[in-house]
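In what follows, a single structure is set out as structure tokens and then discussed.
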Amino acid sequence: MGRGESGTGTLGKAMEVLETIALSSTPLRFTDVLHRVDQPRGTLHRQISNLIEEGLLSTRADNSYELGLTLLKFASRAWSSNQFRTIAEPHLKHLHDITGETVHLGVLNGVDVIYLDKVESRQAVRMYSQIGNSAPAFCTGVGKAAMAALPDAELQSRISSIAFKRYTDTTLVTTTALSTEIQDIRQSGNAFDREEHEKDIHCVAAPIHSDDRNFVAGISVTAPIYRVNMDQLIEWGPLVRESAAAIMDDMANRLGPKA
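Residue numbers for the sequence shown follow the working numbering, beginning at 7 and rising by one.
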């Protein structure tokens, strides 16, 4: 029996678990999920074990759950033909034409950012980012820009659930530092990655969100520090904001406020 009929079949139970974890604004452990779904403990344990085995869920260091890489791969395939990516694509190319550097489009997923699109620099540079890859939002320009678009309560909830990790000497590793940074982003309209995720790579970004803010994303221009200095990134800030605004206008016109 499938989810469409009563939601009590195997697939229905699995989808209930996935949706509960995916839509939660805070990380959930086993007992948290147990309190939110109508399943016996033994059944839920089997469901979660199967989902982890299939790569649809994974466990964090604190034993809470997050979406697994297999599910992110499925999401990447879905996004490849998604209207949002289609709408954003010409604006990414325009920004790339102006700057000549790599342009990223990413969407916030929990406390991570998933790269939905990327226009490579005319001068190739090896970077971690690839379409479909996820990265910590707290140390990437696109991720911090997207987080800045969240309502206050949800923002603080997500920040409190971050397992901070130092990637470089400039990585922000405290809730206070990140909260202060996001307030600055809200004031200026631009986020910066100051070699926080990858050494010698920095970027300027701006947030993208729907009118009701149920959907938050970001766009960025990324470059190596030996080719583009911080002053140049700051100069590109208004261009990135204009591109983000143009994408939001197109989303509103074509998809409506619930995009």
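C-beta atoms are modelled at their ideal positions from N, C-alpha and C, and glycine is treated no differently.
> Just how far apart, CA to CA, sit Gly15 and Gln53?
Replying inline: Walking along the sequence shown from the start, residue 15 turns up at place 9. Walking along the sequence shown from the start, residue 53 turns up at place 47. Going by the C-alpha atoms only, they are around 11 Å apart.
> Ala98 bridges to which residues according to DSSP?
Replying inline: Sequence index remark: in the sequence shown, residue 98 carries index 92 (1-based). Reading the sequence as shown, one finds Leu at residue 98 and not Ala. Looking at the DSSP assignment, Leu98 forms no beta bridge with any residue, so it has no partner.
> Going by alpha carbons, who is nearest to Gln89 out of Asp123, Thr37, Val119?
Replying inline: Translated into the one-based positions of the sequence shown, residue 89 becomes position 83. Minimum Cα distance to Gln89 is reached at Asp123.
> Is it right to say Lys4 is buried, meaning 16 or more other beta carbons lie within 10 angstroms of its own, or is it exposed?
Replying inline: The question about residue 4 has no answer, for the chain in this structure spans 7 to 265.
>> Once the 5 residues before and after Leu178 are set aside, which same chain residues still bring their CB inside 7 Å of it?
In response: As a working mapping, residue 178 is identified with position 172 in the sequence shown. Phe144, Cys145, Leu184, Glu187, Glu202, listed in sequence order.
> Under a three-way DSSP split, which group does Asp103 fall into?
Replying inline: Taking the first residue of the sequence shown as position 1, residue 103 is located at position 97. In the structure shown, Asp103 sits in a helix (DSSP, three-state: H, G or I).
> Just to confirm, are Ala20 and Glu107 a CB contact at a threshold of 8 Å?
Replying inline: If you number the sequence shown from 1, residue 20 lands on position 14. If you number the sequence shown from 1, residue 107 lands on position 101. Not a contact, by the Cβ cut-off of 8 Å.
> With respect to the beta strand (DSSP E) encompassing Glu25, which residues constitute its N-terminal and C-terminal limits?
Replying inline: Within the sequence shown, numbered from 1, the residue matching residue 25 stands at position 19. From DSSP, Glu25 is part of no beta strand (DSSP E) but of the alpha helix (DSSP H) over 16-29.
> Closest to Leu156 by CA distance: which of Val222, Asn235, Asp44, Gly61 is it?
Replying inline: Mapped onto the sequence shown, residue 156 falls at position 150. Of Val222, Asn235, Asp44, Gly61, the residue nearest in Cα terms is Val222.
> Under the three-state reduction of DSSP, which class applies to Arg172: helix, strand or coil?
Replying inline: The residue you call residue 172 lines up with position 166 of the sequence shown. Correct three-state label for Arg172: coil.
> Cα-Cα, which of Arg91, Thr76, Val23, His51 is closest to Asp256?
Replying inline: Within the sequence shown, numbered from 1, the residue matching residue 256 stands at position 250. Of the listed residues, the one whose Cα sits closest to Asp256 is Arg91.
> Can you tell me where the beta strand (DSSP E) with Asn115 in it begins and where it stops?
Replying inline: In the sequence shown, residue 115 corresponds to position 109, counting from 1. First-last of the beta strand (DSSP E) with Asn115: 108-115.
> Ends of the beta strand (DSSP E) at Ile54?
Replying inline: What you label residue 54 is simply residue 48 of the sequence shown in a count that begins at 1. Here Ile54 belongs to no beta strand (DSSP E); instead the alpha helix (DSSP H) covers 47-59.
> Can you name the start and end residues of the alpha helix (DSSP H) that Asp38 belongs to?
Replying inline: Translated into the one-based positions of the sequence shown, residue 38 becomes position 32. Where Asp38 is concerned, the enclosing alpha helix (DSSP H) stretches over 36-42.
>> Counting C-beta neighbours from all protein chains within 10 Å, is the total for Asp237 16 or more, i.e. buried, or is it exposed?
In response: Taking the sequence shown and counting its residues from 1, the one referred to as residue 237 is at position 231. So Asp237 ends up on the exposed side.
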